[in-house]
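Reviewing the structure listed below.
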Amino acid sequence: MTVRVPNFTKEKIIFCLHCNHQSVVDIVATHSKTFGDDDDIVWVNYEWNLYLCRVCKDITLEQISECSEDMEYDNSGNGYIEPVKTIIYPLDKTNSLPEPPKDLPEELVDDYNEARSIVHLSPRGSAALLRLVLQKLCKHLGAKGKKIDDDIAFLVSNGLPETLQKAFDIVRVIGNEAVHPGTIDLKDDHETAKKLFLLINTIVDHLITQPKNINELYSKLPQEKLSAIIQRDRKPLKS
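Residues 168 to 406, numbered by my numbering, are exactly what the sequence shown covers, in order.
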């Protein structure tokens with residue numbers, strides 16, 4: 168299959184990972200390949216686009232994968248799966264985002280990684296996914312996990328520090344408002360979405376990792392010391 172070279176006759180706007188700007192790019196070349204014949208029930212199509220940024224004059228390579236109708240529903244029956252867009256080059260800016268926290272509940276890792284993989288393509292979509300991570304995290308921490316406002320209020324009533332309450336609300340508001348055009352300055356979306364990853368990591372560290380580490384150390388204290396601590400705490404306070 169031949170590569171089509173449009174000779175700068177086509178252009179689009181992308182977020183360039185080299186210069187960190189929404190930039191007009193020229194489509195230098197495109198190439199596509201389909202796995203599966205016309206008679207096959209299942210097929211997957213890949214398209215690769217090579218862009219040249221008009222601002223920094225550097226290149227970006229994007230891959231778009233799309234599946235046949237018989238593959239457009241995931242295993243859980245959640246419905247249509249949009250074509251997947253992935254920036255193959257450059258990778259360093261994408262990989263600079265924090266990895267999922269080691270103590271992030273396993274059921275939240277896929278959502279976190281998906282938010283991480285699309286932040287450069289759709290910061291609003293990434294922020295919305297992080298809001299979903301926050302909602303599921305609230306449920307993991309004992310809240311109902313149905314309405315974030317109520318969940319945060321529940322956590323506050325159970326001793327959530329003010330600083331972490333602010334972190335929760337930042338992710339809640341950004342993730343919610345980012346899906347409504349015009350309510351957030353779009354030129355700030357990428358940097359804002361990136362900061363949300365740091366906030367999620369901070370929340371997990373303070374509410375899951377640190378208590379776990381302290382409990383592990385506490386459990387290793389000699390039994391006689393643990394018994395003495397229990398007896399001490401049972402004694403009424405002197406007036």
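Heads up, the beta-carbon is just placed ideally off N, CA and C, and yes, glycines get one too.
Here the structure is a predicted model, which means the values were calculated and not measured.
Under the 10 Å beta carbon count, Cys-186 is surrounded by fewer than 16 other beta carbons and is classified as exposed. Around the beta-carbon of Val-211, fewer than 16 other beta-carbon atoms lie within 10 Å, marking it exposed. Of the candidates Phe-364, Leu-331, His-357, Leu-374, the residue whose Cα lies closest to the Cα of Leu-308 is Leu-374. In the three-state reduction of the DSSP assignment, Val-195 falls in the strand class.
Comparing C-alpha distances from Val-195 to each of Phe-202, Arg-221, His-188 shows the shortest one belongs to Arg-221. In the DSSP secondary-structure assignment, His-188 is bridged to Cys-183. A Cβ-Cβ distance of about 6 Å is found for the pair Phe-182 and His-357, placing them in contact under the 8 Å criterion.
In terms of CA proximity to Ala-294, Leu-366 leads the group Leu-366, Cys-305, Pro-268, Ser-386. Between Asn-216 and Glu-233, the CB-CB gap reaches or exceeds 8 Å.
Leaving aside the five residues that flank Ile-397 on each side, none in its chain has a CB nearer than 6 Å to its CB. A direct Cα-to-Cα measurement between Glu-391 and Pro-378 gives close to 22 Å. The three-state reading of DSSP puts Ser-232 in strand, counting E and B together.
Under the 10 Å beta carbon count, Thr-227 is surrounded by 16 or more other beta carbons and is classified as buried. Residue pairing for Thr-253: DSSP places it in a beta bridge opposite Gln-230. The continuous alpha helix (DSSP H) containing Leu-322 extends over residues 315-324. DSSP links Val-371 through a beta bridge to no other residue.
Per the DSSP secondary-structure output, Val-211 pairs in a beta bridge with Phe-202, Cys-234. Ranked by Cα distance from Pro-257, the options Ser-199, Leu-299, Asp-278, Leu-219 are led by Leu-219.
Collapsing the DSSP output to three states places Leu-365 in a helix. Rounded to the nearest angstrom, the Cβ distance from Leu-363 to Val-338 is 5 Å, consistent with a contact under 8 Å.
With 16 or more neighbouring CB atoms inside 10 Å of its own CB, Ile-370 falls in the buried class.
Remark: C-beta atoms of Lys-200 and Tyr-213 approach each other more closely than 8 Å.
Straight across, the Cα-Cα distance linking Tyr-385 with Val-323 is about 25 Å.
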